[in-house]
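Numbering (this note's numbering), first residue to last: 5 to 650. A virtual CB, placed ideally from N, CA and C, is assigned to each residue, including glycine.
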Amino acid sequence: MFSRRVREWRWKWIRLPDISYENSYGDHSIVMIPSLGWACSCRTGLPKGGFDGPPCSVLGLPKTRDMDLLKRYDESDDEIGGEEMATSSPDSSPLRLSLPSKTSAPPVDETALALAAAGSNRSTSGPLDPTQHSVSFNPTYDQLWAPVQGPAPPSAGHTSSAIPQGLRNHKLGFVEDASIQPFLFDEQYNTFHRFGYATDPSGLQYIGDQTALATNSALSVYNLPPHEQKRRRLEIKSKETEESTFDPEADNPATDEWLLKNRKSPWAGKKEVIQGELTEEQKKYAEEHAVKKAEKEGRGEGKEKAEVVVKSTFHGKEERDYQGRSWIEPPKDAKASNDRCYIPKRCVHTWSGHTKGVSAIRFFPKHGHLLLSASMDTKIKIWDVFNSRKCMRTYMGHSKAVRDISFSNDGTKFLSAGYDKNIQYWDTETGKVISTFSTGKVPFVVKLNPDDDKQNILLAGMSDKKIVQWDMNSGQITQEYDQHLGAVNTITFVDNNRRFVTSSDDKSLRIWEFGIPVVIKYISEPHMHSMPAISLHPNSNWLAAQSLDNQILIYSTKERFQLNKKKRFTGHIVAGYACQVNFSPDGRYIMSGDGEGKMWFWDWKSGKVNRTLRCHDGVCIGCEWHPLEQSKVATCSWDGTIKYWD
Numbered sequence: 005m006f007s008r009r010v011r012e013w014r015w016k017w018i019r020l021p022d023i024s025y026e027n028s029y030g031d032h033s034i035v036m037i038p039s040l041g042w043a044c045s046c047r048t049g050l051p052k053g054g055f056d057g058p059p060c061s062v063l064g065l066p067k068t069r070d071m072d073l074l075k076r077y078d079e080s081d082d083e084i085g086g087e088e089m090a091t092s093s094p095d096s097s098p099l100r101l102s103l104p105s106k107t108s109a110p111p112v113d114e115t116a117l118a119l120a121a122a123g124s125n126r127s128t129s130g131p132l133d134p135t136q137h138s139v140s141f142n143p144t145y146d147q148l149w150a151p152v153q154g155p156a157p158p159s160a161g162h163t164s165s166a167i168p169q170g171l172r173n174h175k176l177g178f179v180e181d182a183s184i185q186p187f188l189f190d191e192q193y194n195t196f197h198r199f200g201y202a203t204d205p206s207g208l209q210y211i212g213d214q215t216a217l218a219t220n221s222a223l224s225v226y227n228l229p230p231h232e233q234k235r236r237r238l239e240i241k242s243k244e245t246e247e248s249t250f251d252p253e254a255d256n257p258a259t260d261e262w263l264l265k266n267r268k269s270p271w272a273g274k275k276e277v278i279q280g281e282l283t284e285e286q287k288k289y290a291e292e293h294a295v296k297k298a299e300k301e302g303r304g305e306g307k308e309k310a311e312v313v314v315k316s317t318f319h320g321k322e323e324r325d326y327q328g329r330s331w332i333e334p335p336k337d338a339k340a341s342n343d344r345c346y347i348p349k350r351c352v353h354t355w356s357g358h359t360k361g362v363s364a365i366r367f368f369p370k371h372g373h374l375l376l377s378a379s380m381d382t383k384i385k386i387w388d389v390f391n392s393r394k395c396m397r398t399y400m401g402h403s404k405a406v407r408d409i410s411f412s413n414d415g416t417k418f419l420s421a422g423y424d425k426n427i428q429y430w431d432t433e434t435g436k437v438i439s440t441f442s443t444g445k446v447p448f449v450v451k452l453n454p455d456d457d458k459q460n461i462l463l464a465g466m467s468d469k470k471i472v473q474w475d476m477n478s479g480q481i482t483q484e485y486d487q488h489l490g491a492v493n494t495i496t497f498v499d500n501n502r503r504f505v506t507s508s509d510d511k512s513l514r515i516w517e518f519g520i521p522v523v524i525k526y527i528s529e530p531h532m533h534s535m536p537a538i539s540l541h542p543n544s545n546w547l548a549a550q551s552l553d554n555q556i557l558i559y560s561t562k563e564r565f566q567l568n569k570k571k572r573f574t575g576h577i578v579a580g581y582a583c584q585v586n587f588s589p590d591g592r593y594i595m596s597g598d599g600e601g602k603m604w605f606w607d608w609k610s611g612k613v614n615r616t617l618r619c620h621d622g623v624c625i626g627c628e629w630h631p632l633e634q635s636k637v638a639t640c641s642w643d644g645t646i647k648y649w650d
């Protein structure tokens with residue numbers, strides 16, 4: 005039917021977006037759609053607005069034949085008027101239409117790697133999934149590392165690396181997810197960086213430096229025996245010593261640098277040293293002058309011969325650990341195990357680093373993982389309590405014995421008072437002296453204001469009967485409390501730090517308003533003795549004062565500051581010694597040392613002696629209860645030792 009009626013077709017353009025040509029003859033219409041490659045025939049015809057209705061039949065003509073047929077029909081103008089085209093016979097070749105094709109499909113970017121493998125194999129002709137583990141052919145390097153086609157994932161950012169984009173192919177192999185314990189990973193990581201070898205996680209073999217592996221017997225950094233660690237430390241120290249003592253000029257004195265440095269100018273004169281002997285008169289005068297100078301310095305009237313060099317020595321392994329934490333930071337798991345305190349029974353450790361008597365000890369505030377000690381050998385030491393129990397740092401800045409020490413609230417700084425008439429403010433971590441204060445008199449006690457916003461206020465009880473107040477930011481004396489008739493021994497803050505109590509050698513107690521140099525309460529009785537040590541109860545309602553008549557007196561910190569006659573703790577011998585008195589953290593026990601080296605524990609409610617410990621050979625001058633471990637107590641003595649009791 006198509007070959008007989010094609011000469012009667014008429015061309016007509018219609019407005020259809022995807023239809024290129026439409027030809028109609030009678031009640032038949034043929035629509036050519038080149039983009040789809042087919043033609044349709046409809047009996048009803050096509051309206052001007054477009055194709056309205058399904059085609060009656062689809063002509064399965066090839067696209068090239070349709071285009072060639074229309075082209076030939078368009079070129080023969082004579083056959084439009086009624087001449088009939090040659091009827092095609094079965095033997096004749098079919099007519100073909102040839103028109104330029106047009107695609108209406110939008111361009112689409114591929115999101116996989118453009119891998120085009122050579123060959124006719126079907127598996128190598130298309131793109132491959134970059135996340136797959138295996139391929140069925142041998143791809144080239146260019147195929148594996150072809151650029152990524154299509155938009156990048158938002159998580160990839162602006163990086164050109166394939167790993168952030170979720171791809172697994174890497175120049176060293178295929179990237180796979182693995183799960184490994186942090187400890188094992190750190191062990192192999194540190195071992196590889198330390199020795200150059202590590203265990204292969206995919207097998208039982210070692211990778212890296214095989215020579216170092218054989219030398220170290222395949223040991224890791226975590227399982228070195230103690231003797232091996234000690235030997236390596238000694239080797240490192242010996243190498244450092246050799247490097248520090250090596251002098252190229254001394255070993256090779258004939259070098260040009262040595263000759264240039266040690267040459268003499270032609271006009272340099274010779275240095276003549278004349279050593280003569282003193283006459284008898286000169287020797288006698290020198291001896292008398294030395295005796296007078298020594299007596300003058302003994303009375304404290306002269307100046308020191310030379311200033312003391314302030315320095316500090318760190319004795320630990322590292323000042324910061326692998327996480328960058330300082331050595332003074334408390335452990336994260338440090339917390340009170342029990343609210344109830346118990347009296348210790350036995351000595352668990354002894355620190356003996358001081359060469360002379362220890363005058364005071366203080367635990368690190370709130371945690372107690374470090375213990376600070378002041379000694380008569382002019383040194384201050386801080387000890388590790390939880391782990392190694394070794395001396396961590398030594399502070400050397402006083403020329404005479406250290407009398408008292410006091411921590412700040414956070415423990416990062418502390419004060420020290422010495423018989424060299426100086427008060428020094430130290431940085432606990434670095435060992436540097438931040439500032440030094442002095443009035444020319446000996447400070448017997450130093451204390452910081454406990455309020456967090458007043459940690460720059462320093463109070464010191466002096467030997468000239470005064471309490472001096474400094475502003476450490478400016479270094480100026482802001483107040484002087486001058487009412488005592490003897491040297492000031494103690495300073496204790498009470499009443500939410502608005503007031504403080506002082507004791508003196510004049511056998512009296514005086515209560516002051518902070519910042520006002522006027523006594524608001526004066527306690528002095530004919531039967532009273534000097535009270536060189538005072539401690540505050542944990543509930544802040546009571547004061548325990550060590551009286552030199554061999555008893556501990558209790559005073560109320562309320563408005564009246566009255567002596568509690570019902571509570572009195574006796575039995576120990578402290579006459580002539582300023583033995584420290586202290587409380588347990590729960591307030592159930594009160595303790596004190598005595599002149600015979602014993603430690604006494606009393607029950608706070610009943611006043612009875614619960615236990616007595618033989619602690620030291622000399623006088624037990626100081627005692628501190630651990631703030632977190634409720635059954636542990638530290639004591640110090642003039643025999644030069646510090647003991648830890650549990």
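What's the call for residue i, buried or exposed, on a 16-neighbour Cβ count within 10 Å?
i: residue 546; result: buried
i: residue 240; result: exposed
i: residue 526; result: exposed
i: residue 530; result: exposed
i: residue 189; result: exposed
i: residue 149; result: exposed
i: residue 397; result: buried
i: residue 524; result: exposed
i: residue 632; result: buried
Please report the distance separating the alpha-carbon of residue i from that of residue j.
i: residue 471; j: residue 486; result: 7 Å
i: residue 627; j: residue 210; result: 55 Å
i: residue 484; j: residue 473; result: 6 Å
i: residue 400; j: residue 219; result: 43 Å
i: residue 345; j: residue 480; result: 43 Å
i: residue 391; j: residue 406; result: 27 Å
i: residue 425; j: residue 445; result: 5 Å
i: residue 198; j: residue 225; result: 8 Å
i: residue 650; j: residue 313; result: 39 Å
i: residue 217; j: residue 184; result: 23 Å
i: residue 450; j: residue 365; result: 14 Å
i: residue 603; j: residue 351; result: 12 Å
i: residue 488; j: residue 469; result: 5 Å
i: residue 11; j: residue 146; result: With a pLDDT of only 44 at residue 11, under the threshold of 50, the placement of this residue in the model should not be trusted, and no figure is reported.
i: residue 290; j: residue 299; result: 14 Å
i: residue 385; j: residue 518; result: 32 Å
i: residue 288; j: residue 403; result: 30 Å
i: residue 412; j: residue 367; result: 11 Å
i: residue 500; j: residue 418; result: 22 Å
Quick one: what does DSSP say residue i is sitting in, helix, strand or coil?
i: residue 197; result: helix
i: residue 230; result: helix
i: residue 421; result: strand
i: residue 242; result: helix
i: residue 360; result: coil
i: residue 605; result: strand
i: residue 509; result: coil
i: residue 378; result: strand
i: residue 628; result: strand
i: residue 566; result: coil
i: residue 349; result: coil
i: residue 390; result: coil
i: residue 452; result: strand
i: residue 517; result: strand
i: residue 329; result: coil
i: residue 484; result: strand
Tell whether a beta-carbon distance below 8 Å holds between residue i and residue j.
i: residue 332; j: residue 376; result: no
i: residue 582; j: residue 536; result: yes
i: residue 624; j: residue 597; result: yes
i: residue 551; j: residue 601; result: no
i: residue 651; j: residue 497; result: The structure shown does not extend to residue 651, since the chain is modelled only from 5 through 650, so no value can be given for it.
i: residue 371; j: residue 340; result: no
i: residue 571; j: residue 611; result: yes
i: residue 495; j: residue 506; result: yes
Notebook entry, point to check: Do three or more CB pairs link the segment 606 to 624 to the segment 558 to 577 at distances below 8 Å?
Noted result: With the cut-off at 8 Å, the segment 606 to 624 and the segment 558 to 577 touch.
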